[in-house]
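In the working numbering, the protein residues as written are 21 to 215.
Okay, here's the thing in structure tokens:
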């Protein structure tokens, strides 16, 4: 849901100083956009990924793993995105200003597609991350128990429940069977579609 129409564009600094109204927002090319709260399935998958990534960080302290933290991934107009899960190297963490937002895209972005997400908006978000310097994206589609690995220089590579995610040069030595991400995932009841 877009919250501004042809008004002056908001900056990342203005976005950071907004009072909380209990809703979630991202700043997309200077426009305030309300984003939906994730469902249980989404949160469970994010939690599993955070667990495995943080366990790897204990032995290989390359940076930090965060969830829904603000990253300024574009300027003029500003975009501040909050990836579902992100890994940011120590080098990029040096670029934090008074807003508390990292002033660059994370090295690794994980996005988990929710039932109400629009594919065009997901594609735009991924394009922004890559243009901002993200080196690796894992895009999860929970319904299919799989997704895509996306890199700046190639076509998306599909993965399934029997695949293994590789940290590549972003997280050297990290590997994670996709099956482990979905292990123990509660089955959600089917929600009837509206006509």
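For every residue, glycine included, the Cβ atom is placed at its ideal position computed from N, Cα and C. The model shown is predicted, which means the values in this text are computed figures rather than measured ones.
Residue 66 places its beta carbon 8 Å or farther from that of residue 98.
Counted as a single uninterrupted DSSP element, the alpha helix (DSSP H) harbouring residue 79 occupies residues 60-79. Counting the other Cβ atoms within 10 Å of the Cβ of residue 101 gives 16 or more, which makes it buried. Taking C-beta atoms as the reference points, residue 91 and residue 124 count as a pair closer than 8 Å. If you check the CB distance, residue 165 and residue 181 come in under 8 Å. Counted as a single uninterrupted DSSP element, the alpha helix (DSSP H) harbouring residue 199 occupies residues 198-202. A direct Cα-to-Cα measurement between residue 114 and residue 48 gives close to 23 Å.
Cβ-Cβ distances below 7 Å link residue 93 to 99, 101, 125, 148, 149 and 152 in the same chain, with the five nearest sequence neighbours on each side left out; the list follows chain order.
Straight-line measurement puts the Cα of residue 111 at about 18 Å from the Cα of residue 188.
Setting aside the 5 residues that flank it on each side, residue 121 is surrounded in the same chain by 32, 36, 90, 91, 92 and 100, each with a C-beta closer than 7 Å to its C-beta; the list follows chain order.
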